[in-house]
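Colleague: One structure, as C-alpha cells, below. Some questions next.
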Amino acid sequence: MDGTSEQRADAMFHALADRTRRDILRRVLAGEHSVSALAANYEMSFAAVQKHVAVLERAGLITKRREGRQQLASGDVQAVRSVASMLTELEDIWRGRIDRIDALLEED
Amino acid sequence: MPVIDITKDIDTRTIIITAQFAAPVERVWAVYADPRQLEKVWGPPQYPATFVEHQLAPGGRMTYYMTSPEGERFGGWWEITEVDEPRSFSFRDGFADADLQPLLDMPVSENTFTFETADGGTRAVFTSVYATAEGLEQVLAMGVEEGATSAINQIDDYLAA
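Here it is as C-alpha cells:
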C-alpha cells in the first residue's frame, strides 16, 4: 500500500469514527440532502454540521454540489463497496430473519 | 443453524437463502399468513415491524412500517404476484414513506419464497433479485436493517482489495 492510499484510509477511518458523521453518511446514502436539512436533525449548530459534512467530503465518502444558495450532499461509497460485499450485508439481514422465524417456531 | 445454503450471483444481484425449519410446511406458511407473526420476523428486533395492510393473495398488498429506536418510521410495501398455498408465494418489495405512500424512485426487489417438506421439517428457499447494483446499494444504504456500521466493514474489504 502506498502513502496515498494510507492517507486515504486514515481520512476514511477518521471520518467514520464519529457518530454524527456516520448518521449523516447514512442519510445522504439514501438520497441527496441539503446541508440545512441535515442540520435540522442534530442538536448542534449549522456550522458544526457543515464541518462534519466537510470531513466526510475530504474522505471521499460524500460529494457536494451547489444549487442556488443551497449545498446538496450525497453519499458516494462506490470506492468502498462492491456488489459482493453488498450481497453479504443482505445475507446478514436474512440470517437475522431466519433466526427469528426459528425462535417463533420454538415458542409453539 | 437453520441456514443451510447461500447462493449469491453478483451479475444478477440475486441472493438465494435456503433454510431448514423444525416445523411442518403449514406452520411455516402461517408465519407469513398472520401479520402478527410476520411482524416478529421481518424487522430486526431493534426496528420492530408493524403490518398495517396484509393480504396474502394474488394481487394483494401488504404495507408495513418499521420503527427505529429513535421513533422514526420506515415504510415498506409488498405487492403479491403469485400464491400457491402453502408451497410458495412471490411478491415485489419496495419502500414507502412514513405515511406508507410508496416511494416510486426507490428500488424494488422481486422475491419468491418456497416451502417444502424435507428432513422431518420444512425446507424454505428465499430468493431476492435486485434489478441494478445501484438499487441494491440504495436499499442497503437506507440502513433500516443494520445501520451504518456496515459502512465501516466495507472499508476493510476495500483496503484488502
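Read top to bottom, the protein sequences are chains A and B.
Following the UniProt record's numbering from start to finish, the first sequence increments by one per residue and tops out at 108.
Following the UniProt record's numbering from start to finish, the second sequence increments by one per residue and tops out at 161.
Backbone N, C-alpha and C define an ideal beta-carbon position, used for all residues, glycine too.
Do the stretch 38-51 of chain B and the stretch 14-30 of chain B touch if we need at least three Cβ pairs shorter than 8 Å?
Modeller: No: fewer than three Cβ pairs fall under 8 Å.
Colleague: In this structure, does DSSP put GLU110 (chain B) in helix, strand or coil?
Modeller: By one-based count along the second sequence, residue 110 (chain B) stands at place 110. It is a strand residue.
Colleague: Looking at chain A, which residues of the stretch 28-51 of chain B have a Cβ within less than 8 Å of any of its Cβ atoms?
Modeller: VAL28, VAL31, GLN37, LYS40, VAL41, TRP42, PRO44 and PRO45
Colleague: Look at the Cβ atom of LEU29 (chain A), then the Cβ atom of ALA73 (chain A), and state whether they are nearer than 8 Å.
Modeller: Looking up residue 29 (chain A) in the first sequence gives position 29. Looking up residue 73 (chain A) in the first sequence gives position 73. Not closer than 8 Å, so no.
Colleague: Rounding to the nearest angstrom, what Cα-Cα distance links LYS64 (chain A) and ALA133 (chain B) in this structure?
Modeller: Sequence index remark: in the first sequence, residue 64 (chain A) carries index 64 (1-based). Sequence index remark: in the second sequence, residue 133 (chain B) carries index 133 (1-based). Cα-Cα distance, rounded: 22 Å.
Colleague: Give me the residue from B:ALA33, B:GLY59, B:PHE113 and B:TYR65 with the minimum Cα distance to ALA98 (chain B).
Modeller: Counted from its first residue, the second sequence places residue 98 (chain B) at position 98. The shortest Cα separation from ALA98 (chain B) among B:ALA33, B:GLY59, B:PHE113 and B:TYR65 belongs to B:TYR65.
Colleague: Can you find a CB in chain B that lies within less than 8 Å of the CB of ARG18 (chain A)?
Modeller: Mapped onto the first sequence, residue 18 (chain A) falls at position 18. The question names Arg, yet the displayed sequence has Asp at residue 18 (chain A). No, its Cβ sits nowhere closer than 8 Å to a Cβ of chain B.
Colleague: Taking any Cβ of chain A, which residues in the stretch 77-95 of chain B have a Cβ under 7 Å from it, in chain order?
Modeller: none
Colleague: Is PRO35 (chain B) helix, strand or coil by DSSP?
Modeller: Reading the second sequence from its first residue, position 35 is the one you call residue 35 (chain B). It is helical.
Colleague: When Cβ atoms are compared, which residues of the stretch 84-104 of chain A fall closer than 7 Å to chain B?
Modeller: ALA84, SER85, MET86, LEU87, GLU89, LEU90, GLU91, ASP92, ILE93, TRP94, ARG95, GLY96, ARG97, ILE98, ARG100, ILE101, ASP102 and LEU104
Colleague: Below 8 Å on the Cβ atoms is my guess for VAL55 (chain A) versus ARG26 (chain A); work out the distance and round it to an integer in Å.
Modeller: Reading the first sequence from its first residue, position 55 is the one you call residue 55 (chain A). Reading the first sequence from its first residue, position 26 is the one you call residue 26 (chain A). That belief does not hold up - the Cβ atoms of VAL55 (chain A) and ARG26 (chain A) are roughly 15 Å apart, past 8 Å.
Colleague: Can you confirm whether the stretch 82-91 of chain B touches the stretch 94-107 of chain A when touching is taken to mean that 3 or more C-beta pairs between the two stretches lie within less than 8 Å?
Modeller: no
Colleague: Compare the C-alpha of ARG123 (chain B) against each of B:ASP5, B:ALA19, B:THR12 and B:SER68 and name the closest.
Modeller: Walking along the second sequence from the start, residue 123 (chain B) turns up at place 123. It is B:ALA19 whose Cα lies nearest to the Cα of ARG123 (chain B).
Colleague: How about VAL28 (chain B) and PHE115 (chain B): do their beta carbons lie closer than 8 Å?
Modeller: As a working note, residue 28 (chain B) is residue 28 in the second sequence. As a working note, residue 115 (chain B) is residue 115 in the second sequence. Cβ atoms of VAL28 (chain B) and PHE115 (chain B): closer than 8 Å.
Colleague: Leaving aside the five residues before and after THR149 (chain B) along the sequence, list all residues of the same chain whose C-beta is less than 8 Å from its C-beta, in chain order.
Modeller: Along the second sequence, one-based indexing puts residue 149 (chain B) at 149. Because the pLDDT of THR149 (chain B) is 45, which lies under 50, any placement of that residue in the model is unreliable, and the number read from its coordinates should be weighed accordingly. Cβ neighbours of THR149 (chain B) beyond the five flanking positions: none.
Colleague: Taking the runs of the beta strand (DSSP E) that are 3 residues or longer, which of them lie wholly in the UniProt domain "HTH arsR-type" (1-95) of chain A?
Modeller: 62-67 and 70-75
Colleague: For VAL83 (chain B), which residues does DSSP report across the bridge?
Modeller: Taking the second sequence and counting its residues from 1, one reaches residue 83 (chain B) at position 83. Bridge partners of VAL83 (chain B): B:PHE89.
Colleague: In whole angstroms, what is the alpha-carbon distance linking LEU16 (chain A) and GLN101 (chain B)?
Modeller: In the first sequence, the residue the question calls residue 16 (chain A) occupies position 16. In the second sequence, the residue the question calls residue 101 (chain B) occupies position 101. Computed Cα separation, rounded: 32 Å.
Colleague: Can you tell which of B:ILE10, B:PRO58, B:SER68 and B:TRP42 has its C-alpha closest to the C-alpha of GLU79 (chain B)?
Modeller: By one-based count along the second sequence, residue 79 (chain B) stands at place 79. Among B:ILE10, B:PRO58, B:SER68 and B:TRP42, the Cα nearest to that of GLU79 (chain B) belongs to B:PRO58.
Colleague: Name the one or two DSSP bridge partners that TYR130 (chain B) has.
Modeller: Looking up residue 130 (chain B) in the second sequence gives position 130. In DSSP, TYR130 (chain B) forms a bridge with B:SER109.
Colleague: Just tell me which of A:GLU107, A:ASP108, A:GLU106 and A:HIS14 has its CA closest to the CA of HIS52 (chain A).
Modeller: Locating residue 52 (chain A) in the first sequence gives position 52, counting from the first residue. With distances taken between CA atoms, HIS52 (chain A) lies nearest to A:HIS14 out of A:GLU107, A:ASP108, A:GLU106 and A:HIS14.
Colleague: Would you mind working out which of B:ASN111, B:ASP9, B:PHE113 and B:ASP93 sits nearest LEU104 (chain B), comparing C-alpha positions?
Modeller: Start at 1 with the first residue of the second sequence, and residue 104 (chain B) comes out as number 104. When only C-alpha atoms are compared, the closest one is B:ASP93.
Colleague: Check for me: the beta strand (DSSP E) holding TYR47 (chain B) runs from which residue to which?
Modeller: Taking the first residue of the second sequence as 1, we reach residue 47 (chain B) at position 47. That residue, TYR47 (chain B), is in no beta strand (DSSP E); it is neither H nor E in DSSP.
Colleague: Relative to the C-alpha of THR63 (chain B), which residue among B:THR117, B:TRP42 and B:LYS8 is closest?
Modeller: Walking along the second sequence from the start, residue 63 (chain B) turns up at place 63. Checked all of B:THR117, B:TRP42 and B:LYS8; the closest Cα to THR63 (chain B) is B:TRP42.
Colleague: Which of the three DSSP states is assigned to GLN20 (chain B) in this structure?
Modeller: The residue labelled residue 20 (chain B) in the question sits at position 20 within the second sequence. GLN20 (chain B): strand per DSSP, three-state reduction.
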